[in-house]
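As structure tokens, the structure follows; a few thoughts come after it.
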Amino acid sequence: MLMHHAIDVTLEDKLSKEEDQEDACRDASREKYKFSREHRKLIQVMNVKSKRDFLCLEKVNGEMVNILEGLDLHTNVFNAAEQKTIVDKVCELQEKARKGELKCVFAPKGKGRSAIQFDCCFNYRTSKAGNPAGILRHETVDPLPSLFKVIIRRLVEWHVLPPTCVPD
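Numbering (our numbering), first residue to last: 632 to 799.
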């Protein structure tokens with residue numbers, strides 16, 4: 632538990648420094664009021680917005696069904712500096728995957744997308760070696776990056792994700 636807190640504090644410190652630099656660039660002459668980390672977190676939690684009333688009716692088995700039922704859209708979960716950090720990390724991981732430095736990457740041919748898997752490797756179809764689809768139990772894979780652990784913990788703490796959706 633202490634490690635998670637240290638990671639969260641480190642990420643928040645890094646993001647806070649980036650925000651401070653952005654603010655200084657925007658208006659160097661204006662004196663900036665500094666909020667405590669707890670106060671900034673509270674403000675950010677209060678700014679999270681959720682939309683759940685999506686509607687798109689389609690016929691399924693002869694009945695009209697809202698195919699978007701259960702869809703939630705959450706905004707303002709991450710500020711601009713945090714979004715940049717997340718995107719930079721994803722780009723870094725994509726580059727490592729292209730270079731073959733990650734152990735479990737799934738990229739269907741011709742689809743223009745890929746999946747980088749951490750902590751366990753899931754085979755989506757029977758492999759050339761004859762392994763059936765499913766979790767590859769004897770495959771060594773990369774651990775989940777600490778940044779993603781911080782993101783997941785925040786999403787659960789702020790009730791964006793239920794605790795049952797946390798990967799173990």
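C-beta: ideal position from N, C-alpha, C; glycine also.
Every value quoted in this text rests on a predicted model; they were computed, and no experiment measured them.
Annotation: Glu-694 to Val-797 spans about 34 Å, alpha carbon to alpha carbon.
Each of Ala-712, Ser-681, Asp-719 was checked against the Cα of Gly-701, and the nearest Cα belongs to Ser-681. Annotation: Asn-678 is outside any beta strand (DSSP E); the continuous alpha helix (DSSP H) that includes it extends over 668 to 678. The residues Pro-776, Leu-778, in chain order, have a CB closer than 7 Å to that of Lys-720 in the same chain once the five nearest residues on each side in sequence are set aside. By the Cβ test, the region 762 to 774 is in contact with the region 719 to 734, since at least three Cβ pairs between them sit closer than 8 Å.
Between the region 781 to 795 and the region 707 to 719 there are three or more C-beta pairs closer than 8 Å, enough to call the two in contact. By the Cβ-count criterion, Cys-687 is exposed, with fewer than 16 other Cβ atoms from all chains shown falling within 10 Å of its own Cβ. Of the other Cβ atoms in all chains shown, 16 or more fall within 10 Å of the Cβ of Cys-735; this residue is therefore buried. Per DSSP, Ile-766 lies in no alpha helix (DSSP H); the unbroken beta strand (DSSP E) holding it starts and ends at 765 to 767. If the five residues before and after Tyr-755 are omitted, its C-beta is found closer than 7 Å to the C-beta atoms of Phe-737, Ala-764, all from its own chain and listed in chain order. Just so you know, the alpha carbons of Pro-794 and Ser-758 end up roughly 33 Å apart. Distance from the CA of Ala-746 to the CA of Lys-665, rounded to the nearest whole angstrom, comes to 40 Å. DSSP places Lys-759 outside any alpha helix (DSSP H), giving it a letter other than H or E. Runs of alpha helix (DSSP H) with 4 or more residues, each lying fully within the region 693 to 744, are found at 711 to 729, listed in chain order. DSSP places Glu-689 in the uninterrupted beta strand (DSSP E) bounded by 688 to 691. When secondary structure is reduced to three states using DSSP, Cys-752 falls in the strand class. Our two residues, Gln-748 and Asn-678, have alpha carbons roughly 31 Å apart in a direct line.
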